[in-house]
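So for the sequence shown, this note's numbering puts the first residue at 79; every next one is plus one. Yeah, the Cβ is synthetic: ideal placement off N, Cα and C, and Gly gets one too.
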Amino acid sequence: MRALVCRAWGPIDDLRVEEVAPPAPGPGQVLIDVRATGVNYADALMVAGQYQTKPAFPFSPGLETAGVVARCGEGVARYAPGDRVMALLAHGGFAEQAVAEAREAFAIPARMPFDEAGAFPVAYISSHVALRWQGRLEAGETLLVLGAAGGVGLTAVEIGKAMGARVIAAASTAEKLAVAGERGADALVDYASENLTDRVMALTGGKGADVCLDPVGGDLFDAALSSLGWGGRILLIGFVGGVPKIPANRLLVKHRAALGSSLRYFRWHAPDKLRRSVEELIDWYEAGRLRPYVTHRLPLARAVEAIRLLTDRRAHGKIVVVPDPAGG
Ligand SMILES: NC(=O)c1ccc[n+]([C@@H]2O[C@H](COP(=O)([O-])OP(=O)(O)OC[C@H]3O[C@@H](n4cnc5c(N)ncnc54)[C@H](OP(=O)(O)O)[C@@H]3O)[C@@H](O)[C@H]2O)c1
């Protein structure tokens, strides 16, 4: 099969599409004929050796996928060859076939196309887990989302609305804010040209936000922390802008909390809650309350270009990579 291969830590430009042996499903695993694989910022971190886990070389990046079950490993009863599934992956999605743990594969709703399914698991489940189980977002609360047109940010906007919150979307361009507005955000803040804290305070009548979902970190973290009201919770999701230092004194006085949330570890520690998150997301999708936003569909041969759209800060919503046309 053809796959995007990483042979040493480095920039994404070093990745090459190669002919490799197809993977075999072990016990409890399924082999998937890939139809679409969502691109994540973490793909670039993983090939640079900056991700939490470092696979042995050679490996293919790709943290999620959607396709058709080709074969089941020993002990897998819930799926059979021919089933349409989407899955979280340890890695390996940028390939014609990928192996997933059966417990981390989910049936694709009948009306969901493969492109949407390939872009669904990481962003939606990460945002849901963070908002539901860590942030404990409640209906009527105000949710501030940073990077609100990005993969994880845009799903947080939709999920916040589905949970009954008022959502303030914050991003760096008017175009990105328009995307967040179209997905239901109640108010928009351009943090490239406006003071984030001042705007959130003005939008909340001086009260501040209850929950902030932050996939950016860096310099923006401080302004986001100041935007929280009494009892506010800031959810640490990612650090594309750098890892911030947390001033503990600013948590104490306002009863604020800074909470980490990592889907990678959550799914191993709390599989039952993970399952409940996926069930709620699928219910919302079936009810038309979630509309996955896939802007680009690029062939495997252009996978590096697809990842670069994220690292260059040009992506909106999600991008998927699909196996090359026959013969590639
Ligand atoms: N903890 C978890 O469970 C979890 C799950 C998924 C992803 N993540 C992490 O969350 C982060 C975002 O991932 P993603 O896949 O959603 O990425 P993405 O689609 O590229 O979105 C990231 C957003 O961050 C903003 N940003 C600010 N500074 C940036 C920079 N220097 N380069 C690129 N973007 C920048 C951009 O919005 P503006 O231009 O509007 O600022 C962009 O839309 C990554 O660190 C990823 O590892 C964590």
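Residue from the options with nearest C-alpha to residue i
i	options	result
Gly225	Gly127, Ser339, Pro401 and Asp292	Asp292
Phe344	Leu329, Val177, Gly170 and Val207	Val207
Ser304	Ala265, Lys351 and His333	His333
Gly229	Ala188, Arg261 and Ala240	Arg261
Arg391	Ile324, Val331, Leu215 and Val294	Val294
Ala234	Gly242, Gly338 and Leu209	Leu209
Glu383	Arg85, Leu93, Leu222 and Ala86	Leu93
Gly326	Pro139, Ala336, Leu281 and Ala168	The displayed chain sequence assigns Ala, not Gly, to residue 326. The shortest C-alpha separation from Ala326 is found at Ala336.
Arg149	Gly170, Pro100 and His169	Pro100
Ser339	Phe184, Asp111, Ser204 and Glu174	Ser204
Phe172	Met190, Leu215, Ile110 and Leu232	Ile110
Tyr371	Leu215, Gln130 and Gly231	Gly231
Asp402	Trp308, Leu387 and Ala381	Ala381
Arg353	Tyr202, Leu376 and Ala114	Tyr202
Pro322	Gly296, Ala301 and Leu330	Gly296
Contacting residues, own chain, Cβ-Cβ under 8 Å from residue i (five flanking each side not counted)
i	result
Ile186	Ala144, Arg162, Val163, Met164, Phe192 and Ala195
Thr407	Only positions 79 to 406 of the chain appear in this structure, which leaves residue 407 out of reach.
Ala86	Asp92 and Phe135
Arg328	Leu303, Ser304 and Arg334
Asp268	Ala248, Ala249, Ser250, Thr251, Ala252 and Leu255
Leu387	Val117, His374, Ala393 and Ile397
Sub-7 Å separation of residue i and residue j beta-carbons
i	j	result
Val108	Val146	no
Val399	Leu378	yes
Ala433	Trp362	With the chain covering 79 to 406 only, the question about residue 433 has no answer from this structure.
Gly160	Glu142	no
Leu306	Ala287	yes
Val177	Pro103	yes
Gly242	Ala270	no
Gly319	Leu341	no
Ala227	His394	yes
Glu236	Leu368	yes
Pro105	Gly151	yes
Val112	Glu174	yes
Close Cβ partners of residue i (< 7 Å) along its chain, the five nearest in sequence each way excluded
i	result
Leu266	Ala247, Leu255, Ala258 and Gly259
Ile360	Pro187
Leu364	In the sequence as presented, Leu is not what sits at residue 364; that position holds Glu. Cβ within range, chain order: Pro187.
Tyr157	Val108, Val147, Cys150, Val163, Ala180 and Ala183
His169	Met124, Pro133, Phe137, Ser138, Pro139, Gly140 and Leu141
Trp308	Lys332 and His333
Lys285	Gly307
Pro349	Arg181
Glu219	Ala243, Asp288 and Val289
Beta-carbon contacts of residue i that lie in its chain and below 6 Å, excluding the five residues immediately before and after
i	result
Gly213	Val289, Arg311 and Leu313
Glu96	Val83
Gly406	At Gly406, the pLDDT of 41 sits below 50, so the modelled position is not reliable and the matter cannot be decided from this model.
Asp264	Arg244 and Val245
Gly238	Leu221 and Val245
Gly316	Pro293
Lys351	Trp211
Gly88	none
Thr282	Thr220
Ala376	Ala is not the amino acid found at residue 376; the sequence shown has Leu there. Ala384 and Val399, listed in sequence order.
Arg189	none
query = Between the stretch 196-211 and the stretch 126-137, are three or more C-beta pairs nearer than 8 Å?
reply = no
task = Mind the definition here: the stretch 147-166 touches the stretch 120-127 only if three or more C-beta pairs lie below 8 Å; say whether that holds.
result = no
query = Taking only runs of the alpha helix (DSSP H) that begin and end inside the stretch 170-233, which ones reach a length of at least 4 residues, in chain order?
reply = 192-196 and 199-207
key: Inside the stretch 256-296 only - alpha helix (DSSP H) runs reaching at least 4 residues   = 274-281
key: Entirely enclosed beta strand (DSSP E) segments - the stretch 300-375, minimum 3 residues   = 306-314 and 335-338
request  = Could you tell me which uninterrupted beta strand (DSSP E) segments, each at least 3 residues in length, are contained entirely in the stretch 106-173, listed from first to last along the chain?
outcome  = 107-116, 142-150 and 162-166
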